[in-house]
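Residue numbers (UniProt numbering): 1 to 240.
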């Protein structure tokens with residue numbers, strides 16, 4: 001088992017009225033936003049490795065960002081960002097690798113060379129896969145493109161599905177961390193906005209979503225579906 005049952009009290013969001021933490025004082029901090037799927041990637045990696053007491057969560061309110069975050073912490077003014085050894089590391093895909101390589105705990109990356117190579121392929125593909133779905137929801141990609149994206153993801157499970165339900169088979173891994181935060185949000189969002197069940201006709205995708213709930217670190221970082229839908233509509237579609 002990768003993590004024990006840990007009930008973490010999540011700190012409140014920091015806003016424009018919040019004082020900054022003691023930046024670069026040697027504390028390891030993960031600047032995040034609970035409802036952001038990119039940020040969840042790093043948060044999920046943190047929790048899977050059991051770093052609750054090692055890596056402090058600093059949630060940033062993206063609708064009311066503190067000015068000090070851009071000025072003192074991360075000029076890109078995005079989340080996630082990791083403060084570690086008095087430097088800042090950004091970009092969610094890079095942070096999955098960085099957290100796994102620089103902190104103790106169960107590895108998110110396989111030892112098997114073939115699975116390592118496949119993980120790299122899935123990392124690269126995510127940068128094409130996710131924007132297509134995002135822009136479909138914004139009305140600038142076709143329904144055929146959207147369906148193809150989910151069909152391609154279903155096909156991604158074929159390589160190791162004989163071993164188990166995750167992207168690399170029996171073991172939850174970095175490959176799952178890359179996609180899980182987005183699919184977990186897309187599933188209810190597509191039903192709500194388009195009456196479209198992304199798991200229909202895609203049994204491996206459905207089994208994967210079910211298997212994710214068996215991973216304690218995923219459950220710890222899983223945000224409420226209704227809140228996700230509400231936040232997405234407000235932030236991306238202007239629906240209050």
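We treat Cβ as the ideally placed atom computed from N, Cα and C, and that holds for glycine.
Neighbourhood of residue i by C-beta, 7 angstroms cutoff - its chain only, sequence neighbours within 5 removed
i           : result
residue 65  : 16 and 77
residue 213 : 219
residue 240 : 234
residue 25  : none
Same chain, Cβ closer than 6 angstroms to residue i, neighbours up to 5 away in sequence not counted
i           : result
residue 176 : 166 and 167
residue 187 : 198
residue 157 : 204
Span of the beta strand (DSSP E), counted from its first residue to its last, around residue i
i           : result
residue 230 : Looking at the DSSP string, residue 230 is not in any beta strand (DSSP E); the run it does join, the alpha helix (DSSP H), is 225 to 232.
residue 56  : 56 to 59
Cβ-based burial, residue i [other Cβ within 10 Å; buried from 16]
i           : result
residue 173 : buried
residue 228 : buried
residue 215 : buried
residue 155 : exposed
residue 39  : buried
residue 138 : exposed
residue 203 : exposed
residue 12  : exposed
residue 99  : buried
residue 140 : exposed
Extent of the continuous alpha helix (DSSP H) to which residue i belongs
i           : result
residue 84  : Per DSSP, residue 84 belongs to no alpha helix (DSSP H); it is in the beta strand (DSSP E), 81 to 84.
residue 183 : 174 to 194
residue 157 : It is not in any alpha helix (DSSP H) - residue 157 carries neither H nor E in the DSSP assignment.
residue 216 : 216 to 221
residue 261 : Past the edges of the chain, shown from 1 to 240, lies residue 261, and the structure says nothing about it.
Residues of its chain near residue i, where Cβ-Cβ distance is below 8 angstroms and the 5 sequence neighbours each way are ignored
i           : result
residue 102 : 84
residue 110 : 116, 119, 168, 171 and 173
residue 236 : 137 and 138
Neighbour flag for residue i against chain D, beta carbons, 8 angstroms
i          : result
residue 92 : Of the protein chains in this structure there is only one, and it is not chain D.
Practice item. Tell me, please, whether the segment 25 to 45 touches the segment 166 to 185 by the rule of three or more beta-carbon pairs shorter than 8 angstroms. Key: In the pairwise beta carbon analysis, the segment 25 to 45 is classified as touching the segment 166 to 185: at least three pairs are separated by under 8 angstroms.
What ranges does the beta strand (DSSP E) occupy inside the segment 5 to 46, keeping only unbroken runs of at least 3 residues that lie completely in it?
Fully enclosed beta strand (DSSP E) runs of 3 or longer: 29 to 32.
So, does the segment 25 to 36 touch the segment 53 to 69, judging by three or more C-beta pairs under 8 angstroms? Touching, yes.
Does the segment 108 to 121 come into contact with the segment 67 to 74, if we say contact requires no fewer than three beta-carbon pairs (one atom in each stretch) closer than 8 angstroms? Fewer than three beta-carbon pairs drawn from the segment 108 to 121 and the segment 67 to 74 are found closer than 8 angstroms, and the two stretches are therefore not classed as touching.
| query | Where in the segment 51 to 135 do unbroken runs of the alpha helix (DSSP H), each at least 4 residues long, occur, reported from the N-terminal end onward? | reply | Qualifying alpha helix (DSSP H) stretches, in chain order: 92 to 102.
- Message: Within 8 angstroms, do at least three Cβ pairs link the segment 146 to 154 to the segment 128 to 136?
- Response: Proximity of the segment 128 to 136 to the segment 146 to 154 meets the contact definition, three or more beta-carbon pairs being nearer than 8 angstroms.
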